[in-house]
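Participant: Before I ask anything, here is the structure I am working with.
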Amino acid sequence: MTPLVDIRNLSIAFGGVQAVDDVSLDLYPGEVVGLLGHNGAGKSTLIKILSGAYRADSGEIWIDGKKATINSPRDARAYNIETIHQTLALADNLPAPANLFLGRELRTMFGFLDDSRMESETRKIMARLNPNFRKIAEPVSALSGGQRQSVAIARAVYFNARILIMDEPTAALGVHETKMVADLIKELKAQGLGIFLISHDTREMMELCDRVSVMKNGQLIGTERVEDVTEDDILSMIIMGKKPEKAA
Amino acid sequence: MNTSDTSAAAKSKAPARPRLADTLELDTRLLGMIGAFIAVLVVFNLLTDGRFLTPRNIFNLTIQSVSVAIMATGMVFVIVTRHIDLSVGALLATCSAVMAMMQTAWLPQYLGLPLGHPMIPWLAIGAGLVTGAVIGAFQGWLTGYLLIPAFIVTLGGLLIWRNVGWYLTNGQTIGPLDPTFQMFGGINGTLGEFWSWVLGIVATLAALGALWVKRRDKLSHGFPVKPLWAEFALGGIIAGAILGFIKILNSYEVPVARLRREFEARGEVMPEGYTEVYGLPISVLLLIVVAVVMTIVARKTRLGRYIFAAGGNPQAAELSGINTRLLTVKVFAIMGALCAISAVVASARLTNHSNDIGTLDELRVIAAAVIGGTALAGGLGTIYGAILGALIMQSLQSGMAMVGVDAPLQNIVVGGVLVLAVLIDIIYRRRTGKG
Chain A
65 MTPLVDIRNL SIAFGGVQAV DDVSLDLYPG EVVGLLGHNG AGKSTLIKIL SGAYRADSGE
125 IWIDGKKATI NSPRDARAYN IETIHQTLAL ADNLPAPANL FLGRELRTMF GFLDDSRMES
185 ETRKIMARLN PNFRKIAEPV SALSGGQRQS VAIARAVYFN ARILIMDEPT AALGVHETKM
245 VADLIKELKA QGLGIFLISH DTREMMELCD RVSVMKNGQL IGTERVEDVT EDDILSMIIM
305 GKKPEKAA
Chain B
2 MNTSDTSAAA KSKAPARPRL ADTLELDTRL LGMIGAFIAV LVVFNLLTDG RFLTPRNIFN
62 LTIQSVSVAI MATGMVFVIV TRHIDLSVGA LLATCSAVMA MMQTAWLPQY LGLPLGHPMI
122 PWLAIGAGLV TGAVIGAFQG WLTGYLLIPA FIVTLGGLLI WRNVGWYLTN GQTIGPLDPT
182 FQMFGGINGT LGEFWSWVLG IVATLAALGA LWVKRRDKLS HGFPVKPLWA EFALGGIIAG
242 AILGFIKILN SYEVPVARLR REFEARGEVM PEGYTEVYGL PISVLLLIVV AVVMTIVARK
302 TRLGRYIFAA GGNPQAAELS GINTRLLTVK VFAIMGALCA ISAVVASARL TNHSNDIGTL
362 DELRVIAAAV IGGTALAGGL GTIYGAILGA LIMQSLQSGM AMVGVDAPLQ NIVVGGVLVL
422 AVLIDIIYRR RTGKG
């Protein structure tokens with residue numbers, strides 16, 4: 065089976081700091097791959113290359129067995145790669161529909177923005193993702209952390225993503241909302257999406273992911289199937305930067 | 002603007018009954034600004050024993066506001082994207098110089114068009130628009146691509162373009178400008194009674210039609226709509242405002258001496274008891290067209306959506322695939338083109354080009370946008386707000402002049418009002434949580 069995404073030997077440096085150092089990683093349809101590591105380990109930088117925000121110094125990205133050129137967020141979207149950034153990347157002064165369709169606005173036949181259609185589509189998807197969501201017309205700055213998060217998630221899910229990148233999707237959420245995101249991840253996975261998930265919560269990662277990859281100082285320490293390792297093994301990989309003893 | 006107390010009080014109560022402004026879906030901030038504007042007009046009218054709100058003075062107020070108001074609409078885009086343009090007054094001067102030289106020297110000398118040729122004003126205006134847009138785009142490129150702060154680029158531009166204008170004309174005042182060109186200035190180009198009414202009625206029908214289309218669109222998507230009576234009330238207010246404004250302008254009669262001169266120029270004798278009114282000035286019509294186009298751009302096009310998104314969160318805009326650098330170039334190019342349009346109005350009003358045209362306009366334009374609710378932090382601002390801001394400033398200035406306030410005190414008051422308006426706006430936003 066060809067991997068959905070095949071990252072080969074990616075490297076990027078920012079002024080002498082090797083943020084991502086020769087990292088290779090793959091992702092299959094219907095799979096969740098977790099990225100773990102300390103702050104500054106290079107997880108966010110790696111997925112920002114995949115989502116087109118940064119350009120790698122070297123290395124290749126293959127999608128569906130074909131070499132992909134991703135030089136901008138627009139390119140990434142063309143490959144059906146959607147990203148939920150850690151910062152959510154919402155324009156706080158605009159309401160939910162404008163954010164959901166930012167960069168991909170629906171237009172009328174005269175080329176003007178079709179705000180009614182965008183609003184009605186937003187209502188539809190929010191009814192599915194977060195039934196309590198009411199503030200359609202208000203700027204997203206007026207929304208709670210969980211509601212803002214669901215706008216960012218809706219944006220990624222709406223456009224039929226095949227590859228979903230979620231950078232700390234539950235960091236700002238309460239218990240109930242965290243569970244909603246976990247359920248959503250399972251649902252999307254069942255639909256055959258490939259998901260890269262970044263989180264600091266090792267237990268959550270053990271529950272949601274099929275495989276976890278650990279990074280430290282820009283390098284990939286290793287990728288393990290979750291059933292082969294314990295939470296302690298993962299923690300020691302994060303802290304020590306070494307693979308667990310397989311013999312144990 | 003002074004509605005912040007009442008709206009905050011209403012927010013703290015349980016939302017049992019929707020407020021009138023909410024039912025009408027009116028922007029409370031717009032209501033505040035209109036309230037402030039009306040207060041200014043009424044106070045000065047009382048202080049001048051009714052001389053302030055005469056058709057003649059209202060006519061003059063509007064034509065004096067046009068040049069600054071046109072540029073203020075562009076300044077909204079500039080400030081919304083977290084930039085500033087200090088060069089608009091100087092750029093106006095350069096555009097004005099180019100257009101004046103085209104009319105009086107370059108076209109007659111190099112293209113051999115005789116003075117008064119019907120193509121002259123249009124070629125001149127075209128050249129002015131290109132000049133403004135290209136210089137604006139260049140400044141936008143310096144800001145967007147070379148990452149020089151807009152404050153510095155346009156501070157440099159303020160010195161540069163003012164004096165490029167000087168060199169183009171060798172420092173001379175150029176005039177008189179082409180008679181057709183002068184029609185864009187105000188008093189020398191008005192629509193007269195009949196066409197003013199026609200335009201007023203067309204505008205009213207268009208506004209009512211837009212309301213109706215919007216309601217039908219909302220209903221077809223199953224969105225909540227306001228009650229029908231509210232729809233009719235709003236339509237009535239809009240129709241009344243448009244037609245009332247036309248009525249006032251149509252009450253300003255052309256002085257008899259001027260009419261007699263016009264008849265004599267045509268070799269005719271003026272009939273006894275003949276009168277004529279000015280009606281809507283073409284410059285004001287130009288401002289209305291600019292306002293409508295800029296509002297549509299702001300609300301109904303991708304460009305406008307991206308301008309506000311980039312102003313609200315530049316990183317988010319980039320991650321959404323928006324080319325924010327090119328966006329900066331476009332915003333400054335629009336600003337430049339609007340400076341050229343204002344240059345047409347300003348020089349046509351004076352009937353000539355002089356070196357000091359547009360001096361200090363950058364401050365008036367920025368003040369109009371800011372009084373109109375444009376936030377310097379970016380992401381927030383409206384076109385109608387900026388125009389209202391320009392009208393408020395001009396009313397204050399002419400009102401004080403009419404009352405006989407000393408010139409230095411006039412500037413002190415305008416400066417104070419600017420700071421106060423922003424303070425009220427900040428308090429309003431903090432209490433309502435909007436922005």
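So the sequence lines, in the order shown, correspond to chains A and B.
Counting with my numbering, you get residues 65 to 312 for the letters of the first sequence.
Counting with my numbering, you get residues 2 to 436 for the letters of the second sequence.
Glycine included, every Cβ here is placed at the ideal spot set by N, Cα and C.
Just so it is clear, the structure is predicted and the values come from calculations on it, not from any experiment.
Note down, in chain order, every chain A residue with its Cβ under 7 Å from the Cβ of glycine 373 of chain B.
Facilitator: Per Cβ cutoff of 7 Å: no residues; glycine 373 of chain B is ~16 Å from chain A at best.
Participant: Let me check understanding here. Comparing Cα to Cα, which of B:Ala408, B:Ile289 and B:Ile297 lies closest to valine 67 of chain B?
Facilitator: Nearest C-alpha to valine 67 of chain B: B:Ile289.
Participant: Any chance the region 213-232 of chain A sits against the region 247-256 of chain A, with 3 or more Cβ pairs inside 8 Å?
Facilitator: Because the criterion of three Cβ pairs below 8 Å is met, the region 213-232 of chain A and the region 247-256 of chain A touch.
Participant: How would you write the range of the alpha helix (DSSP H) that glutamate 185 of chain A sits in, first residue to last?
Facilitator: Where glutamate 185 of chain A is concerned, the enclosing alpha helix (DSSP H) stretches over 179-193.
Participant: Evaluate leucine 101 of chain A with the Cβ neighbour count: other Cβ atoms within 10 Å of its Cβ, from every protein chain shown; 16 or more gives buried, anything less gives exposed.
Facilitator: Per the sequence shown, the amino acid found at residue 101 of chain A is glycine instead of leucine. Glycine 101 of chain A comes out buried.
Participant: Helix, strand or coil: which one does DSSP assign to valine 131 of chain B?
Facilitator: Valine 131 of chain B: helix per DSSP, three-state reduction.
Participant: Which residues mark the beginning and the end of the alpha helix (DSSP H) in which alanine 347 of chain B is found?
Facilitator: Note, alanine 347 of chain B: alpha helix (DSSP H), 325-351.
Participant: Express the C-alpha separation of glutamine 398 of chain B and valine 414 of chain B in angstroms, rounding to a whole number.
Facilitator: In a straight line, the C-alpha of valine 414 of chain B is about 9 Å away from that of glutamine 398 of chain B.
Participant: Give the DSSP bridge partners of glycine 109 of chain B, in chain order.
Facilitator: The amino acid occupying residue 109 of chain B in the given sequence is proline; glycine does not appear at that position. Answer is none; proline 109 of chain B lacks a bridge partner.
Participant: By the three-class DSSP mapping on this structure, what secondary structure does valine 278 of chain A have?
Facilitator: Note: valine 278 of chain A maps to strand in three-state DSSP.
Participant: Would you mind reading off the limits of the alpha helix (DSSP H) that contains glycine 312 of chain B?
Facilitator: That run of the alpha helix (DSSP H) goes 303-313.
Participant: On the CB-based measure, 16 or more other CB atoms within 10 Å of its CB, does valine 345 of chain B come out buried or exposed?
Facilitator: So valine 345 of chain B ends up on the buried side.
Participant: Can you round the beta-carbon distance between serine 97 of chain B and isoleucine 358 of chain B to whole angstroms, since I take them to be within the 8 Å contact cut?
Facilitator: Correct: roughly 5 Å between the Cβ atoms.
Participant: I need the boundaries of the beta strand (DSSP E) containing glutamine 283 of chain A, first residue and last residue.
Facilitator: 283-289 is the extent of the beta strand (DSSP E) around glutamine 283 of chain A.
Participant: Along the beta strand (DSSP E) that carries phenylalanine 78 of chain A, what are the first and last residues, could you check?
Facilitator: That run of the beta strand (DSSP E) goes 69-78.
Participant: Use the C-beta contact count for phenylalanine 185 of chain B: other C-beta atoms within 10 angstroms, 16 or more gives buried, fewer gives exposed.
Facilitator: Phenylalanine 185 of chain B comes out buried.
Participant: Ends of the alpha helix (DSSP H) at valine 84 of chain A?
Facilitator: No alpha helix (DSSP H) holds valine 84 of chain A; the beta strand (DSSP E) holding it covers 81-91.
Participant: Would a C-beta distance cut-off of 8 Å place alanine 369 of chain B and alanine 347 of chain B closer than the cut-off?
Facilitator: Going by C-beta atoms, alanine 369 of chain B is not nearer than 8 Å to alanine 347 of chain B.
Participant: List the residues of chain A that cysteine 78 of chain B touches, going by C-beta distances under 7 Å, in chain order.
Facilitator: Looking at the sequence shown, residue 78 of chain B is not cysteine but phenylalanine. Here the premise fails: no neighbours, minimum Cβ distance about 14 Å.
Participant: Taking valine 97 of chain A as part of the beta strand (DSSP E), name the residues at either end of that continuous run.
Facilitator: That run of the beta strand (DSSP E) goes 96-100.
Participant: Taking only beta-carbon positions, decide if arginine 198 of chain A is within less than 8 Å of chain B.
Facilitator: With 8 Å as the cut-off, arginine 198 of chain A does not count as an interface residue toward chain B.
Participant: Which value, in whole angstroms, describes the spacing of the CA atoms of phenylalanine 309 of chain B and valine 371 of chain B?
Facilitator: If I take the Cα positions, the gap works out to 16 Å.
Participant: Which runs of the beta strand (DSSP E) spanning at least 3 residues fall entirely within the region 185-263 of chain A, listed in chain order?
Facilitator: As far as the region 185-263 of chain A is concerned, its whole beta strand (DSSP E) runs of at least 3 residues are 227-231 and 258-262.
Participant: Since isoleucine 200 of chain A and proline 161 of chain A should fall inside the 8 Å C-beta cutoff, what is the C-beta to C-beta distance between them, to a whole number of angstroms?
Facilitator: Confirmed, Cβ separation roughly 7 Å.
Participant: For the beta strand (DSSP E) containing lysine 131 of chain A, name the first residue and the last one.
Facilitator: 130-132 is the extent of the beta strand (DSSP E) around lysine 131 of chain A.
Participant: Out of B:Val131, B:Gly51, B:Thr74 and B:Leu159, which one is the CA nearest neighbour of methionine 103 of chain B?
Facilitator: Comparing Cα-Cα distances from methionine 103 of chain B to each of B:Val131, B:Gly51, B:Thr74 and B:Leu159, the minimum goes to B:Val131.
Participant: Can you pull the chain A residues whose beta carbon is under 9 Å from the beta carbon of valine 310 of chain B, in chain order?
Facilitator: Going by the sequence as given, residue 310 of chain B is alanine instead of valine. By Cβ distance, chain A contributes Ala155, Asn157, Leu158, Ala162, Asn163, Leu166 and Gly167.
Participant: Bridge partners for tryptophan 123 of chain B per DSSP, in chain order?
Facilitator: Paired residue(s): none; tryptophan 123 of chain B is not in a bridge.
Participant: Per the DSSP calculation, isoleucine 149 of chain B is bridged to which residue(s)?
Facilitator: BP columns for isoleucine 149 of chain B are empty, so no partner.
Participant: Can you find a heavy atom of the ligand MG that lies under 7 Å from the Cβ of aspartate 247 of chain A?
Facilitator: For the ligand MG, the structure offers nothing, since it holds no ligand at all.
Participant: So, is lysine 131 of chain A buried or exposed, given that buried needs 16 or more other C-beta atoms within 10 angstroms?
Facilitator: Lysine 131 of chain A is exposed by the Cβ-count criterion.
Participant: How many Å lie between methionine 304 of chain A and asparagine 281 of chain A at the Cα?
Facilitator: So the alpha carbons of these two residues sit roughly 11 Å apart.
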